[in-house]
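> First residue of the sequence shown? That's -7 in this note's numbering, and the numbers climb one at a time after it.
I have a structure I would like to understand better, so I am pasting it below and will then ask my questions one at a time.
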Amino acid sequence: MERSSLARYSAVAAALVALAFGLRMGGLTATSLWYDETFVLYHAQQGIVAGMLGLLREDNALPLHGLLLALWIKVAGDGEFAARYLSVLLGTVATALMLRVGGALRGRRYGGWGTALAYATLPIYVYYAQEVRMYALVIPLAAGFVWAAWRVVERGRGGVAYVILGAAMLMAHLYAGLLWAAVLVWGSLALHIGNYQANIESQTSKIKNSVWWRANLWLGLAALPIAAWALWRARVDATAVSAIPATALRWIPVLFGVGQYLPQPWSALFVAIAGLSMVVALVGLMRARRVQGAMGLLVTVVVPLVLLLAATSIKAKWSERYLLPSFGLALVVGVGTGWESLVESQRAHSAYDASRIGGALLLVTWLALTVPALVRQAQGTWAVGLTDEWHPRPDFRGVARYIEEHDAPDDAIVVIGGYAAHTLDYYYDGPAHLLGLPFDTRVLDMQRPLDLHALETLEQQTATAQRLWLVLWQDTLADPTALILSFLVDACHRLPVDAKFTNVGVVLFDLTTCHPLDRLAVPSHPLTADFVEPIHLTGYDCSKTGETWEVDVWWETTGPLPADYRVFVHLIGADGTLITQHDHIAGTDAYPTGQWTPGTALRDRFFLHVPGGVCDSCTLQVGLYTAQGRLLLRDGGDRVEIAP
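Encoded structure:
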């Protein structure tokens, strides 16, 4: 009997592993590698030592995955398929570990098939098992860590594996610490409840407690240098904020469901099926007197969410990816356990049939929703959502191929944001000079977006170029005032680009008539107007097209500014009356003056509607203000008067 059960279990396990592998192979190279992937791949290509040092300096996770990738590409190569195939293998290994976790939760040696099936088919896990990033590694490590925790709590064995897997998990991704926190709470409560129910401190209980606390002590000591590195990264990390705490919770059912691929009411139905399966799991565990299992599910669902939102309030940075090894793990375990509880019910005959039918309905409905979602995902035109928009992986591969078909040796390629230049460089093999703005960086730093000084770098790097390919990706972050694009549009002849690319913009300019580009950084009407705060009006331009007047105001700072100032541009008639005006935040809403660093130089553009297009003897008045009033000039005035 034991042998036949093992044979059936082995066959089911093999089928589930094969299913997970097949789903993760589907559409593996449908999309090109993007910034996050080529970032770690770039460092891995530098060699083991140089790559690890680079990732330690620049990445927001310790480089365990980078180390594995550096070793992998020495054997398999660094092509798209090879790099992503490593993630597929790691994601497939996680399926086998999910079997063990699901079985441990129910105390079944041959259980866990529901957990493995839920994990294998949940779109978010398929997505991140196809990405060249640490998420594919941290998930199997997290599953192994949870399994080791169960062994320590229930048997008092496996402390060494618990420490090793926990430390490796943290070195794969810092946010795996959310899972450790949940496991620590669960394990401590489970041991306490077990001792209370036994009403005595038995020798077995003493051994379990000793192994548990010693293992967590050693893991805590191993985590100390990781925590020190994490604090340093939190201080220097200046990357983008994905969402805010107020909107985070409402996106979890979407991101861990099918909402990014299927419309309503199907996404809501999926959430209902997952929730109902979780409830069934909790009820089934309580009826089977697996209180530890029910408590483990609840703790691992709630604790990571609470801690992540608390961390977000301190350092606002959010992504659903951070919950993959904690909340997501609890989700697939709970859903799968619910299916198993119904299908394997040991009730009376009629109730047994009803339970099996109910379990089958939940499972079939889950698959009926995940399969079309996975098909859509494999097409490569959709991606997991961030905040209020869906962001497919940008098509750098298509951009590179198009430029290679149309480029010339005297061309230059500039990527705005420059931190993604290495992504395009991964694909581009043509003769053109390729660079990024901001220049010579691989990390997005929102505290230092592009200003007028970038034109000097652009001129230096493209002085001999005849044409310029401008590639735009996350340009609203790197160049929030659209400085580079607007200058080139104003001064250079634009050439046609007869193709569009997913989530990337490409513009081509003829540079033969607009060199030197740094001359564009000087206003046609220079002046000096000093305000009492360290900001100066250094010049202006005014051009008139019919009834539309374009006024460009040039600013420079010499120190930090205490507020986000608005700018007013008023057209005043000869009799002192206001003809027209245009006010807006200095810079842009995304880059107000409070974020400008000392030495920032920007051009601010305004449009005035002038009836008739003519205003004899009129003057322009420019100034800064907040809700508290106008910012004074050093000469005591509150506005600068200029001739239009």
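From the three backbone atoms N, C-alpha and C, an ideal C-beta is built for every residue, glycine too.
Can you tell me whether residue 76 is buried or exposed? The criterion is at least 16 other CB atoms within 10 Å of its CB, across all chains shown.
Residue mapping note: residue 76 aligns to position 84 of the sequence shown, counting from 1. Residue 76 counts as buried, since no fewer than 16 other beta carbons sit within 10 angstroms of its beta carbon.
> Which one of 262, 473, 286, 289 has the shortest CA to CA distance from residue 579?
Taking the sequence shown and counting its residues from 1, the one referred to as residue 579 is at position 587. Comparing Cα-Cα distances from residue 579 to each of 262, 473, 286, 289, the minimum goes to 473.
> Spatial neighbours of residue 394 within its chain, please: C-beta separation below 6 Å, excluding the five flanking residues on both sides.
Within the sequence shown, numbered from 1, the residue matching residue 394 stands at position 402. If we look at residue 394 and ignore the five residues flanking it on each side, its Cβ neighbours are 491.
> Considering only the alpha carbon of each residue, which of 87, 452, 79 lies closest to residue 121?
What you label residue 121 is simply residue 129 of the sequence shown in a count that begins at 1. That would be 79, whose Cα lies nearest to the Cα of residue 121.
> On a Cα-Cα basis, can you pick out the residue from 302, 228, 471, 182 that is closest to residue 283?
Along the sequence shown, one-based indexing puts residue 283 at 291. Out of 302, 228, 471, 182, 182 has the C-alpha closest to the C-alpha of residue 283.
> Under DSSP, the beta strand (DSSP E) around residue 486 begins and ends at which residues?
Looking up residue 486 in the sequence shown gives position 494. For residue 486, the enclosing beta strand (DSSP E) stretches over residues 485 to 487.
> On the criterion of 16 or more Cβ atoms from any shown chain inside 10 Å, does residue 306 qualify as buried, or is it exposed?
Here residue 306 is taken as the residue at index 314 of the sequence shown, counted from 1. In this structure residue 306 is exposed. Its beta-carbon is surrounded by fewer than 16 other beta-carbon atoms within 10 angstroms.
> DSSP three-state call for residue 518: helix, strand or coil?
Working through the sequence shown from its first residue, we reach residue 518 at position 526. The answer is strand: DSSP assigns residue 518 an E or B state.
> Could you check which residue in 318, 53, 329 has the C-alpha nearest to that of residue 280?
Numbered from its first residue, the sequence shown carries residue 280 at position 288. For residue 280, the nearest C-alpha among the options comes from 329.
> State the Cα-Cα distance for the pair residue 711 and residue 242, rounded to the nearest angstrom.
Nothing can be reported for residue 711, as the shown portion of the chain is limited to -7 through 636.
> Given this structure, state the Cα-to-Cα distance separating residue 468 from residue 550, to the nearest angstrom.
Within the sequence shown, numbered from 1, the residue matching residue 468 stands at position 476. Within the sequence shown, numbered from 1, the residue matching residue 550 stands at position 558. About 24 Å.
> With distances taken between CB atoms, is the gap from residue 211 to residue 155 smaller than 8 Å?
Counting from 1 along the sequence shown, the entry for residue 211 is found at position 219. Counting from 1 along the sequence shown, the entry for residue 155 is found at position 163. Closer than 8 Å, so yes.
> Please go through the same chain and pick out, in chain order, the residues whose beta-carbon is closer than 7 Å to the beta-carbon of residue 26, but skip the five residues on each side of it.
Stepping through the sequence shown from its first residue, residue 26 is reached at position 34. The beta carbon of residue 26 sits closer than 7 Å to the beta carbons of 385, 386, 388, 415 from its chain, once the five residues preceding and following it are set aside; these are given in chain order.
> Any idea what DSSP makes of residue 31, helix, strand or coil?
Numbered from its first residue, the sequence shown carries residue 31 at position 39. Helix at residue 31.
> Assign residue 525 to one of three DSSP states: helix, strand, or coil.
The residue given as residue 525 occupies position 533 in the sequence shown. Coil.
> Would you mind reading off the limits of the alpha helix (DSSP H) that contains residue 428?
Mapped onto the sequence shown, residue 428 falls at position 436. Unbroken run through residue 428 is the beta strand (DSSP E), 425 to 429; no alpha helix (DSSP H).
> Could you give the uninterrupted runs of the alpha helix (DSSP H) lying entirely in the region 18 to 104, keeping only those of 4 residues or more?
27 to 37, 40 to 50, 56 to 68, 72 to 98
> Between the C-alpha atoms of residue 295 and residue 23, what's the straight-line distance to the nearest angstrom?
In the sequence shown, the residue the question calls residue 295 occupies position 303. In the sequence shown, the residue the question calls residue 23 occupies position 31. Here the C-alpha atom of residue 295 lies approximately 35 Å from the C-alpha atom of residue 23.
> Apart from the five residues on each side of it in sequence, which residues of its chain come closer than 7 Å, Cβ to Cβ, to residue 44?
The residue labelled residue 44 in the question sits at position 52 within the sequence shown. The residues are 55, 58, 59.
> Any idea if residue 376 is buried or exposed, counting beta-carbon neighbours within 10 angstroms, 16 or more meaning buried?
Looking up residue 376 in the sequence shown gives position 384. Bear in mind that the predicted position of residue 376 carries a pLDDT of just 48, short of 50, making it unreliable; the figure below should be weighed with that in mind. So residue 376 counts as buried.
> Quick one: measure Cβ to Cβ for residue 331 and residue 355, integer angstroms, because I've assumed they're closer than 8 Å.
Within the sequence shown, residue 331 is the residue found at index 339, counting from 1. Within the sequence shown, residue 355 is the residue found at index 363, counting from 1. Indeed they touch by this definition, with Cβ atoms about 5 Å apart.
> Helix, strand or coil for residue 123? Go by DSSP, reduced to three states.
As a first step, residue 123 is located in the sequence shown; it is residue number 131 there, counting from the start. Three-state DSSP puts residue 123 in coil, outside helix and strand.
> Is the separation between the beta-carbon of residue 426 and that of residue 420 shorter than 8 Å?
Residue numbering aside, residue 426 sits at position 434 when the sequence shown is read from its first letter. Residue numbering aside, residue 420 sits at position 428 when the sequence shown is read from its first letter. Taking C-beta atoms as the reference points, residue 426 and residue 420 count as a pair closer than 8 Å.
> Between the region 64 to 73 and the region 171 to 182, can you find at least three pairs of beta-carbon atoms closer than 8 Å?
no
> Roughly how many angstroms lie between the CA atoms of residue 502 and residue 436, to the nearest whole one?
Here residue 502 refers to the residue found at position 510 of the sequence shown. Here residue 436 refers to the residue found at position 444 of the sequence shown. Distance between the alpha carbons of residue 502 and residue 436: 28 Å.
> Whole angstroms are fine: how far does the CA of residue 470 sit from the CA of residue 381?
The count along the sequence shown starts at 1 and reaches residue 381 at position 389. The count along the sequence shown starts at 1 and reaches residue 470 at position 478. Residue placement at residue 381 is poorly supported in this model, since its pLDDT is 45, which falls under 50; the coordinates still yield a value, given next. The alpha-carbon separation between residue 381 and residue 470 amounts to approximately 19 Å.
> Quick one: give me the first and last residue of the beta strand (DSSP E) that residue 404 is part of.
Residue 404 sits at position 412 when you count from the first residue of the sequence shown. First-last of the beta strand (DSSP E) with residue 404: 403 to 408.
> Between 8, 112, 247, which has its C-alpha nearest residue 311's C-alpha?
Residue mapping note: residue 311 aligns to position 319 of the sequence shown, counting from 1. Selected option, being the one with the closest Cα: 247.
> Taking 8 Å as the threshold (C-beta atoms), are residue 496 and residue 465 in contact?
Along the sequence shown, read from residue 1 onward, the residue named residue 465 stands at position 473. Along the sequence shown, read from residue 1 onward, the residue named residue 496 stands at position 504. Their beta carbons are under 8 Å apart, which means residue 465 touches residue 496 by this criterion.
> In whole angstroms, what separates the C-alpha of residue 586 from that of residue 577?
For the purposes of this step, residue 586 is taken as the residue at position 594 of the sequence shown. For the purposes of this step, residue 577 is taken as the residue at position 585 of the sequence shown. Using only the alpha carbons, I get a separation of about 11 Å.
> With distances taken Cα to Cα, identify the nearest neighbour of residue 636 among 600, 530, 526, 326.
In the sequence shown, counting from the first residue as 1, residue 636 sits at position 644. Minimum Cα distance to residue 636 is reached at 600.
> Using the beta-carbon count (16 or more within 10 Å), is residue 278 buried or exposed?
What you label residue 278 is simply residue 286 of the sequence shown in a count that begins at 1. With fewer than 16 other Cβ atoms within 10 Å, it is exposed.
> Throw me the rounded Cβ distance for the residue 621 and residue 632 pair, which I believe falls under 8 Å.
One-based indexing of the sequence shown puts residue 621 at position 629. One-based indexing of the sequence shown puts residue 632 at position 640. Their Cβ separation, rounded to whole angstroms, is 16 Å, which puts residue 621 and residue 632 out of contact at 8 Å.
> Distance check for residue 135 and residue 89, CA to CA, integer angstroms please.
The count along the sequence shown starts at 1 and reaches residue 89 at position 97. The count along the sequence shown starts at 1 and reaches residue 135 at position 143. Here the alpha carbons of residue 135 and residue 89 stand approximately 6 Å from one another.
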